[in-house]
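Taken in order, the sequence shown gives residues 3 to 424; the numbers are from my numbering.
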Amino acid sequence: MFKEIRKKISLWNALTLIAFLILFIITILAVVQWSLKSSGEAYLENVAQAVIHDTKPTEGTGFMGTSVHDQLGYEYLVWNENRSISSQQTDQQAMIKSGYALLEKDAKDPFFSKVKVGESEYRVYETQFERGGKTMTLQVFQNLGSENGIMLYITVYLLSIGAVGLLILIPLSYILAGRSLKPIKENFDLQKTFIADASHELRTPITVIRTNVEVLEMKEDEPISENMKWLQAIDEECDTMANLISELLTNAQSEVNQNKDEKGMRFSLSQACAESVKKLKPVARELDVKLTTSLVSDVMFNGNEDKIKQLIRIFLDNALKYTPAGGQVSLGLSEAKRNVTISIQDNGLGIPKDEQKKIFSRFYRIDDARSRASGGSGLGLSIADSIVRGMGGKIRLDSEPGVGSTFTIILPKKKIQSFSDD
Ligand code: ADP
Numbered sequence: 003m004f005k006e007i008r009k010k011i012s013l014w015n016a017l018t019l020i021a022f023l024i025l026f027i028i029t030i031l032a033v034v035q036w037s038l039k040s041s042g043e044a045y046l047e048n049v050a051q052a053v054i055h056d057t058k059p060t061e062g063t064g065f066m067g068t069s070v071h072d073q074l075g076y077e078y079l080v081w082n083e084n085r086s087i088s089s090q091q092t093d094q095q096a097m098i099k100s101g102y103a104l105l106e107k108d109a110k111d112p113f114f115s116k117v118k119v120g121e122s123e124y125r126v127y128e129t130q131f132e133r134g135g136k137t138m139t140l141q142v143f144q145n146l147g148s149e150n151g152i153m154l155y156i157t158v159y160l161l162s163i164g165a166v167g168l169l170i171l172i173p174l175s176y177i178l179a180g181r182s183l184k185p186i187k188e189n190f191d192l193q194k195t196f197i198a199d200a201s202h203e204l205r206t207p208i209t210v211i212r213t214n215v216e217v218l219e220m221k222e223d224e225p226i227s228e229n230m231k232w233l234q235a236i237d238e239e240c241d242t243m244a245n246l247i248s249e250l251l252t253n254a255q256s257e258v259n260q261n262k263d264e265k266g267m268r269f270s271l272s273q274a275c276a277e278s279v280k281k282l283k284p285v286a287r288e289l290d291v292k293l294t295t296s297l298v299s300d301v302m303f304n305g306n307e308d309k310i311k312q313l314i315r316i317f318l319d320n321a322l323k324y325t326p327a328g329g330q331v332s333l334g335l336s337e338a339k340r341n342v343t344i345s346i347q348d349n350g351l352g353i354p355k356d357e358q359k360k361i362f363s364r365f366y367r368i369d370d371a372r373s374r375a376s377g378g379s380g381l382g383l384s385i386a387d388s389i390v391r392g393m394g395g396k397i398r399l400d401s402e403p404g405v406g407s408t409f410t411i412i413l414p415k416k417k418i419q420s421f422s423d424d
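(1) Among 412, 39 and 362, which has the Cα closest to the Cα of residue 125?
(2) Should residue 170 be labelled buried (16 or more other beta-carbon atoms within 10 Å of its own) or exposed?
(3) Compute the Euclidean distance between the alpha carbons of residue 285 and residue 297, then round it to the nearest angstrom.
(4) Just curious, the beta strand (DSSP E) that residue 300 is in, first and last residue?
(5) What is the DSSP secondary structure of residue 216, counted as helix, strand or coil?
(6) Given a threshold of 16 other Cβ atoms within 10 Å of its Cβ, counted over all protein chains shown, does residue 64 qualify as buried or as exposed?
(7) Is residue 379 near the ligand GDP, with its Cβ less than 6 Å from a heavy atom?
(8) Whose C-beta lies closer than 7 Å to the C-beta of residue 196 among residues of the same chain, with five residues either side of it excluded?
(9) Count the other CB atoms within 10 Å of the CB of residue 303; is the residue buried (16 or more) or exposed (fewer)?
(10) Using a Cβ distance threshold of 8 Å, determine whether the region 231-242 contacts the region 207-221, with at least three qualifying pairs required.
(11) Would you say residue 175 touches the ligand ADP, meaning its beta carbon is less than 6 Å from a heavy atom?
(12) When the Cα of residue 323 is compared with those of 368, 18, 341 and 337, which residue comes out closest?
(13) Please specify which runs of the alpha helix (DSSP H), each continuous and at least 4 residues long, are wholly inside the region 67-123, giving them in chain order.
(14) Should the region 310-324 be called in touch with the region 333-347, which here means at least 3 C-beta pairs below 8 Å?
(15) Assuming residue 53 and residue 138 form a contact by the criterion Cβ under 8 Å, report the distance between their Cβ atoms to the nearest whole angstrom.
(16) Is the closest heavy atom of the ligand ADP to the C-beta of residue 367 under 6 Å?
(17) Does the beta carbon of residue 356 fall short of 6 Å from some heavy atom of the ligand ADP?
(18) Ordered along the chain, which non-local residues of its own chain (more than five positions away) have a Cβ less than 6 Å from that of residue 76?
(19) With a threshold of 16 other CB atoms inside 10 Å of the CB of residue 55, please say whether the residue is buried or exposed.
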């Protein structure tokens, strides 16, 4: 699918380039042709004046100078009122014939024209003037062979440059299209893995439920009270599935919102931290883990309070889950000029170096059995990572197996958003 899109993008790029090149070549040719024409005409007018006044043509007049035209030279014919030649600077009979044909137009005003003289094309300027009380007609000719040659040369030159340019740019555009599609492809692959992983994760509880139902079906004559354990197992798996589905939704939501600028209200982060810890105190007591805090008071933060609480909850949950009885978990909060820092420290199992990056991937668990037993789905840290990235922050992890882990969340402070922004 991506190969097709890449090809299409490259094709469109190539077509745009070709269209642009054609337009560019046409513009340049039009400008050159116009400038050659106007300088050529200026040159012929200049020559005509010199012939009329019997002087030499002034050099270097007209647009772009007339140097090209100076070098090409000129020929002329002066006709009298009886349409016979009074003076001439040409020995071409064909030119006299063409000049005569022009004369027959009987034009009173000066004009420019193009005529064929034998095999060659000429630009001609015809004007009338008075000499000895008689009206004479002057025709000045210049061969257009070189001018046409220049145009042909420029056309070939520009087309060659264009062709070489296309030969370089088309593969380049193919490479660039590939590069720009890479993140989209990566995201697409991630989504595919996500769906595959999610369905795999959901299959386990469904299998357990089905097995329990089958057991219950075999015991249809027995009273329910004797088979409560099967029902309880079903209930637990339903809980697992419900948790998993809600985490999947949160995860998908966080991904969607990741690039959006988080808007929210100003709230006390110190209070949010204290509340999160208060909620988990009973759990910690049950697990025999000491839960302490080290919070700077009155730290205000502008953002989504629910998300921040969810974030703290994920890290505290993990710290409690992966710290053996008798251990200690501590939540810290500090503030700097540009950011706030939340840290969750435990002296639990710790995480090996080579696992430290992987644990932020969806469904990744170091000890599958232990994590599952404690209700883990392997989604917590990936959700936390999405939330933090969505807020423009980052997570740092310092951990050593057997010693413990410290997760440090650094969040940039944002300006207060006004309600009208929403
Ligand atoms: P889970 O739901 O399995 O806890 P998480 O994404 O929250 O999923 O965590 C991924 C894995 O990272 C866990 O399975 C666990 O192995 C490891 N982990 C997370 N937090 C800690 C911690 N504080 N101490 C040790 N291991 C941890």
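All C-beta atoms, glycine included, are put in the ideal place defined by N, C-alpha and C.
So, from the listed chains and residues:
(1) 39
(2) exposed
(3) 20 Å
(4) From DSSP, residue 300 is part of no beta strand (DSSP E); its letter is neither H nor E.
(5) helix
(6) Summary for residue 64: the model assigns pLDDT 47, below 50, so the residue's position carries little reliability, and this model does not support an answer.
(7) Looking at this structure, you won't find the ligand GDP anywhere; what it does contain is the ligand ADP.
(8) 364
(9) buried
(10) yes
(11) no
(12) 368
(13) 69-74 and 95-105
(14) yes
(15) Contact flag wrong, Cβ pair sits at about 10 Å.
(16) yes
(17) no
(18) 49, 142 and 144
(19) exposed
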